[in-house]
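Sequential numbering of the sequence shown, starting at 433, is according to my numbering.
By construction, the Cβ of each residue, glycine as well, lies at the ideal position given by its N, Cα and C atoms.
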Amino acid sequence: MNVKEKLLQIVSDVLERPMDEIEMSMKIGDIDGWDSLKHAEIIERLIREMDLNIEIYDKDLISLMGIYNRLVGQN
């Protein structure tokens with residue numbers, strides 16, 4: 433599983449939505465309809481499971497789209 437697939441799988445698991453729906457929403461940057469309380473949970477899982485180097489004080493400044501763009505841009 434590559435980085436993009438792993439990221440999409442984590443988001444899909446937390447939001448309980450299909451990966452293809454998640455991928456389309458992320459591609460067009462349309463995540464406003466997602467449960468905002470889940471964003472923090474998603475970011476925590478991404479940090480933990482993908483070993484992201486994000487300092488504690490940066491977490492509030494990091495956006496899910498920013499993480500997606502950074503990780504997917506690396507591939």
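Could you give the DSSP three-state label for residue i: helix, strand or coil?
{"i": "Asp464", "result": "coil"}
{"i": "Leu484", "result": "coil"}
{"i": "Glu398", "result": "Coverage of the chain is limited to positions 433 through 507, which leaves residue 398 absent and any answer about it impossible."}
{"i": "Ser495", "result": "coil"}
Report yes if the C-beta distance between residue i and residue j is below 8 Å; otherwise report no.
{"i": "Leu503", "j": "Leu439", "result": "yes"}
Using only alpha-carbon positions, find the residue among the options that is nearest to residue i.
{"i": "Met456", "options": "Ser468, Ile474, Lys436", "result": "Lys436"}
{"i": "Asp467", "options": "Val443, Tyr500, Asn434, Asn501", "result": "Val443"}
{"i": "Asn501", "options": "Met458, Asp452, Ile454", "result": "Met458"}
{"i": "Ile474", "options": "Leu496, Glu453, Gly461, Leu484", "result": "Leu496"}
For residue i, count neighbouring Cβ atoms within 10 angstroms of its own Cβ and tell me buried if that reaches 16, exposed if not.
{"i": "Met482", "result": "exposed"}
{"i": "Leu469", "result": "exposed"}
{"i": "Leu478", "result": "buried"}
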